[in-house]
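The working numbering puts the sequence shown at residues 0 to 446.
Every residue gets a Cβ at the ideal spot worked out from N, C-alpha and C, and that includes glycine.
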Amino acid sequence: MIEQDLRDALRAQASAYEVGPHAWLEVQRRAGRARRLRWSMLAAVPLAAGAVLAGVPLVILHGGPGTVTGATTAASGEPAPTYKDAYEAGIAANPPIGGTIGVVNPADGRSMRLWFAQVKGKYVDLCSATQLSSGGTVGGCWYDSRNPAHTGENGWYVGGSGGMLPRPDEVISYGAARDAVTKVEAVTRDGSRIPGTIHRPKGAPLAIWTVSYPSRAKVTAFELSGAGEKVLQRVKADTAPPAEPNARPLGPAVELGGGMTARLHEDQTLVWRRDGKVVAFTVVASSPVLKPGETLADTLVGNQTPVMSQFTEGRWFGFARAGTDQVVLTFKGGDSMRALKDGDPVRALRDGGSVRTGTTPAPWNQDAVLFSAPYTHKGDIYAEGYLITGYDRDGREIWREDAKPVPPLWQAAPPSSSPGGPESPGSSSPAGTSGSSGSPGQTAPPR
């Protein structure tokens, strides 16, 4: 029932939002439940079991400085107001009750925004807006269909980055808490505890709890405590990596070196593994509406790009237009980029700012090639931008994809949205007082 709700919502909104190719790729890479049709609903904030999308639908916008993307509502077909990001769209549709807070998503170092809103006319829900490192923003408000008022609960889980693929080194989980809650801790399988932070936005009806922790920590629950260290609520963690597809594979996996493999399944999911572990999914589709029979070539055409690639665990991998024999990744900035501009790709490679690798034809009648290569690079690849160049067998350049820098949209915490409130994200319980604790740098600084 829940999955059908999500599928119906996706169909209804499939043509509602303009999606930039890099933003959509990020949505695809973060998705990974058994049914790929849910990718844009679960992209950045995995839903707790039993939760459904409420109020404003998920917004997917291709972000960037000065970018303003409009939408057309599926219900009326009339143009909707334009907004530059999911936060603007979200607070317009679901005005904050009290302040909005900013917290850093440790997965990519970008700031998320969280606020409470009254959704469906009577329920107070926690809403979020999340930046995508490769461009764009996603957001929405969620409620628990089994207990929308959360009667008898002192706190509950709402979302986080624990279900992302590729799996980041550090993740964040968050939820809502009532006034009696003064402390939150993540509890791991071996009994270890990781402290979090209780945020109290000015004028908000509830508190917000957040916990950042290593993804390898095997967190099983979150404990919310009150006066005298009394546990008021134990919340089950929904931080497991996305489930693998249960559809039948279309032939053997393709070996790409370095332990990387790619394998296509009947549900049009291309599964990328490293040393047998799933590291990414690619939905083979040219648009947010899944069409049976589409190929990797159709996916490239639909995204208006000759190549689609990802970065994880020191590997760069993806697929490109048929006829591509070699691909070269060049990191922007420094001597390597200057060498490339000077027409000296050999020096660019020698300077360590480029990666060159051969390709492997994709089987399964996909009219595309696959590739994978190790890379070493410090810094934010997406914020700096990068260049991918494709060459044919004769060494001639046949295409070039210039990924422009995508700096973070939100460098600091948002101004308080509480009427007459200060320009700050609200207040957080300080570390070591009243049983509360916090992680340094978890709350974004005020403007």
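- Contact between Gly384 and Pro404 holds, since their C-beta atoms are separated by about 4 Å, short of 8 Å.
- Excluding sequence positions up to five before and after Asp391, its CB lies within less than 8 Å of the CB of Gly322, Thr323, Asp324 and Ile397, all in the same chain and listed in chain order.
- Boundaries for Leu289: no beta strand (DSSP E) harbours it, and the DSSP string shows neither H nor E there.
- Per DSSP, Ala321 lies in no beta strand (DSSP E) segment and is marked neither H nor E.
- Counting every other CB atom within 10 Å of its CB across the protein chains shown gives Ser308 a total of 16 or more, marking it as buried.
- Rounded to the nearest whole angstrom, the C-alpha separation of Ala116 and Glu400 is 41 Å.
- Sequence-distant Cβ neighbours of Glu293 in its own chain, meaning closer than 7 Å and more than five residues away, are Gln267, Val283, Ala284 and Ser285.
- In this structure, Val170 sits near Tyr212, with a CB-CB distance shorter than 8 Å.
- Of all alpha-carbon atoms in Ser191, Lys121 and Trp208, the one lying nearest the alpha-carbon of Ile197 is that of Trp208.
- Under the three-state reduction of DSSP, Gly89 is assigned to helix.
- In the three-state reduction of the DSSP assignment, Leu295 falls in the helix class, which pools H, G and I.
- Residue ranges of uninterrupted alpha helix (DSSP H) with 4 or more members, entirely inside the region 358-414 and ordered along the chain, are 380-383.
- The Cβ neighbour count for Lys182, taken over all protein chains shown within 10 Å, is at least 16; the residue is labelled buried.
- For Ala206, the enclosing beta strand (DSSP E) starts and ends at Ala206 to Pro213.
- DSSP lists Thr136 as the bridge partner or partners of Gln130.
- Counting only residues of its own chain and dropping the five nearest sequence neighbours on each side, Ala402 has a CB closer than 6 Å to the CB of Gly384 and Tyr385.
- Comparing C-alpha distances from Val327 to each of Thr311, Val306 and Arg355 shows the shortest one belongs to Arg355.
- Membership of Ile96 in any beta strand (DSSP E) is not indicated, and neither H nor E is assigned to it by DSSP.
- Shown here, Gly301 sits in a helix according to DSSP, grouped into three states.
- Counting C-beta atoms within 10 angstroms of its own C-beta, Gly227 has fewer than 16 neighbours from the protein chains shown and is therefore classed as exposed.
- For Ala216, the three-state secondary structure derived from DSSP is helix.
- In the DSSP secondary-structure assignment, Gln267 is not bridged to any residue.
- The region 363-376 makes no contact with the region 84-103, as fewer than three CB pairs between them are under 8 Å.
- The beta carbon of Tyr374 sits closer than 8 Å to the beta carbons of Phe310, Gly313, Arg314, Trp315, Leu328 and Val354 from its chain, once the five residues preceding and following it are set aside; these are given in chain order.
- Assigned with DSSP and collapsed to three states, Glu152 falls in coil, not helix or strand.
- Residue environment: Thr358 is assigned as buried (16 or more neighbouring CB atoms within 10 Å of its CB, all protein chains considered).
- Nearest in C-alpha terms to Ala206, of all of Phe318, Gly394, Ile380 and Gly98, is Gly98.
- Residue environment for Pro305: buried (at least 16 other C-beta atoms within 10 angstroms of its C-beta).
- Rounded to whole angstroms, the Cβ separation of Leu164 and Val288 is 22 Å, and the two are not in contact under 8 Å.
- A straight-line Cα-Cα distance of about 38 Å links Arg177 and Tyr381.
- In the displayed model, Glu169 falls within a strand according to three-state DSSP.
- One Cα belongs to Ala246, the other to Lys276, and the distance between them is close to 17 Å.
- The three-state secondary structure of Ala279, taken from DSSP, is strand.
- Of the candidates Trp271, Gly202 and Gly151, the residue whose Cα lies closest to the Cα of Arg233 is Gly151.
- For Met163, there is no enclosing beta strand (DSSP E), as DSSP gives it neither H nor E.
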